[in-house]
Amino acid sequence: MVRSLIDTYKHEGKLPDCRMSFSKGLELGYEAVVSDAEVEPQDWSVAGRGNLESWHKLGYIPYDDDDKNGTGPSSRSISRAVEYAYDDFAIALMADGLGKKSDANKYLQRSHNWRNLYNENQEDLYRNEAGKVQKTKFTGFLQPRYLNGMWRQQNTRLCSPIFQQHVCYFDTKYDTYEGSPWLYTFYVPHDMAGLIAAMGGKQAFIERLEYFHSSGINYMGNEPNFLPTYQFHYGGWPGLSWYWVHQYIPSQFNSSLNGIPGNDDLSMGAFSAFAFMGFFPVAGQDVYLLTPTMFRSVSIRTPTGGRATLKCIGFDPTYKPIYIQSVRLNGKPYTRNWITHDFFYYGGTLEFVLGTAESEWGTRDEDLPPSLSRSSIY
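Position one of the sequence shown corresponds to residue 2 (my numbering), numbered consecutively onward.
Right under this line is the structure:
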């Protein structure tokens with residue numbers, strides 16, 4: 002698949018609307034992603050990036066940007082900003098691996114651009130059943146900005162199941178795509194520690210993420226909603242990730258006629274498959290967030306001919322004991338709530354001891370996934 006993307010770049014000069022990972026032909030692959038990040042195509046509606054002049058100069062995509070370098074919808078400034086920022090982080094990883102330190106530093110700096118749309122004073126407002134405007138205790142959301150730097154307000158719940166959900170699908174005038182500012186504010190997978198600090202610390206972050214799932218704002222029928230189900234790991238509360246996975250499976254993922262939410266272009270099936278197996282990959286990073294498998298044991302053949310096996314000690318098919326009490330990797334205690342790809346490449350055995358109550362496993366700072374604000378991520 003990755004080689005076919007490079008072939009597309011060879012013939013068309015741009016990657017299609019997706020991003021590639023590490024592969025053979027690294028220099029050509031690197032050339033392709035740098036082209037995406039630096040050179041705006043004439044029509045960027047289906048390939049490449051648009052509004053690059055402002056992205057490079059201002060560090061965000063203005064709501065009223067006048068892009069004279071290419072053609073495409075200059076909207077969706079929030080969702081494109083966090084996507085561009087994470088894409089730039091991925092380029093920084095690739096540049097560092099290829100020994101291009103100057104490039105790595107440049108793209109690493111751009112990966113912080115999500116902060117330029119984070120309005121720490123933005124309130125979460127909604128109308129109750131009586132039509133009265135109320136606000137929650139949560140402040141600080143991604144919001145669009147104008148060229149002059151002034152904020153433009155977009156309802157934090159717009160494009161969610163509880164407020165005008167479908168206006169951000171084919172309509173290009175809003176600032177998010179298939180999700181609300183509530184949702185996209187959580188999308189900083191390379192610097193979750195920085196986001197958590199911006200939101201007021203771990204406890205405030207956990208409360209906000211729980212509200213996101215319990216209030217009806219979240220909708221599992223769109224791909225951007227997958228990662229927030231597992232982001233409790235970053236706040237030191239991995240048990241809540243597994244709790245919410247168990248809420249969505251089987252309530253929204255089941256064997257009924259409508260047993261898959263949204264439109265399954267294979268991603269819905271992939272989400273449920275990862276959940277059943279007991280891990281979730283953070284795309285673009287060497288990070289898999291760990292949860293108990295939904296089976297007594299799962300064994301995956303590795304490229305090196307071995308087996309990556311995940312076992313549940315104390316497994317109960319009624320799923321009453323769902324919380325990890327302790328983990329052993331190849332017989333030795335393992336406290337991190339994530340694991341690297343080496344486990345799936347070389348093989349090994351992870352044993353999860355389960356119980357009915359949450360434990361302290363995976364909750365210490367040193368057990369959390371890597372994050373730019375806390376430690377080197379590469």
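Beta carbons are placed, not taken as given, at the ideal position from N, Cα and C, and that holds for glycine.
Proximity to residue i [Cα-Cα], best of the options
| i | options | result |
| --- | --- | --- |
| residue 130 | 163, 148, 372, 310 | 163 |
| residue 45 | 29, 74, 67 | 74 |
| residue 318 | 273, 295, 35 | 295 |
| residue 179 | 222, 145, 257 | 222 |
| residue 344 | 310, 263, 203, 171 | 310 |
| residue 363 | 236, 279, 182, 331 | 236 |
| residue 207 | 239, 96, 372 | 239 |
| residue 218 | 186, 190, 351, 234 | 186 |
| residue 279 | 262, 268, 352, 182 | 352 |
| residue 128 | 58, 157, 248 | 157 |
| residue 284 | 91, 76, 59 | 91 |
| residue 104 | 155, 35, 330, 329 | 35 |
| residue 150 | 59, 196, 106 | 59 |
| residue 138 | 201, 265, 110, 109 | 201 |
| residue 155 | 326, 108, 225, 76 | 76 |
| residue 265 | 204, 256, 257, 224 | 224 |
Cβ-Cβ distance between residue i and residue j below 8 angstroms
| i | j | result |
| --- | --- | --- |
| residue 293 | residue 340 | no |
| residue 246 | residue 276 | yes |
| residue 87 | residue 56 | no |
| residue 304 | residue 346 | yes |
| residue 1 | residue 98 | No information on residue 1 is available, as it lies outside the stretch 2 to 379 that the chain covers here. |
| residue 133 | residue 125 | no |
| residue 273 | residue 254 | yes |
| residue 369 | residue 338 | yes |
| residue 112 | residue 96 | no |
| residue 330 | residue 306 | no |
| residue 229 | residue 184 | yes |
Backbone secondary structure at residue i - three-state DSSP
| i | result |
| --- | --- |
| residue 88 | helix |
| residue 122 | strand |
| residue 227 | helix |
| residue 40 | coil |
| residue 81 | helix |
| residue 347 | helix |
| residue 299 | strand |
| residue 168 | helix |
| residue 352 | strand |
| residue 215 | helix |
| residue 105 | helix |
| residue 48 | strand |
| residue 333 | strand |
| residue 318 | coil |
| residue 128 | strand |
| residue 111 | helix |
| residue 61 | coil |
| residue 284 | coil |
| residue 246 | helix |
| residue 152 | strand |
| residue 309 | strand |
| residue 254 | coil |
Presumed contact (8 angstroms Cβ cut-off) between residue i and residue j, rounded CB distance
| i | j | result |
| --- | --- | --- |
| residue 375 | residue 82 | About 22 angstroms separates the two Cβ atoms, so there is no contact after all. |
| residue 118 | residue 61 | 5 angstroms |
| residue 37 | residue 49 | 5 angstroms |
| residue 170 | residue 159 | Contact doesn't hold; Cβ gap of about 12 angstroms is too wide. |
| residue 177 | residue 79 | 5 angstroms |
Beta-carbon contacts of residue i that lie in its chain and below 7 angstroms, excluding the five residues immediately before and after
| i | result |
| --- | --- |
| residue 1 | Because the chain in this structure spans residues 2 to 379, residue 1 falls outside the shown range and cannot be described. |
| residue 233 | 207, 210, 239, 241, 242 |
| residue 42 | 15, 48, 49, 71 |
| residue 181 | 157, 158, 159, 160, 161, 218 |
| residue 27 | 99 |
| residue 203 | 197, 236, 237 |
Other residues of its chain near residue i: CB distance less than 8 angstroms, five sequence neighbours each side excluded
| i | result |
| --- | --- |
| residue 147 | 63, 64, 65, 153 |
| residue 121 | 140, 141, 199 |
| residue 1 | This structure cannot settle anything about residue 1, because the visible part of the chain is limited to 2 through 379. |
| residue 227 | 221, 268, 272, 281 |
Neighbourhood of residue i by C-beta, 6 angstroms cutoff - its chain only, sequence neighbours within 5 removed
| i | result |
| --- | --- |
| residue 123 | 142, 144 |
| residue 342 | 287 |
| residue 212 | none |
| residue 281 | 231, 275, 290 |
| residue 301 | 309 |
Any non-hydrogen atom of the ligand SAM closer than 7 angstroms to residue i Cβ
| i | result |
| --- | --- |
| residue 123 | Among the ligands in the structure shown, none appear at all, so the ligand SAM cannot be discussed. |
Beta carbon proximity, residue i to chain D, threshold 8 angstroms
| i | result |
| --- | --- |
| residue 371 | As a matter of chain content, chain D is missing from the structure shown, which is built from one protein chain. |
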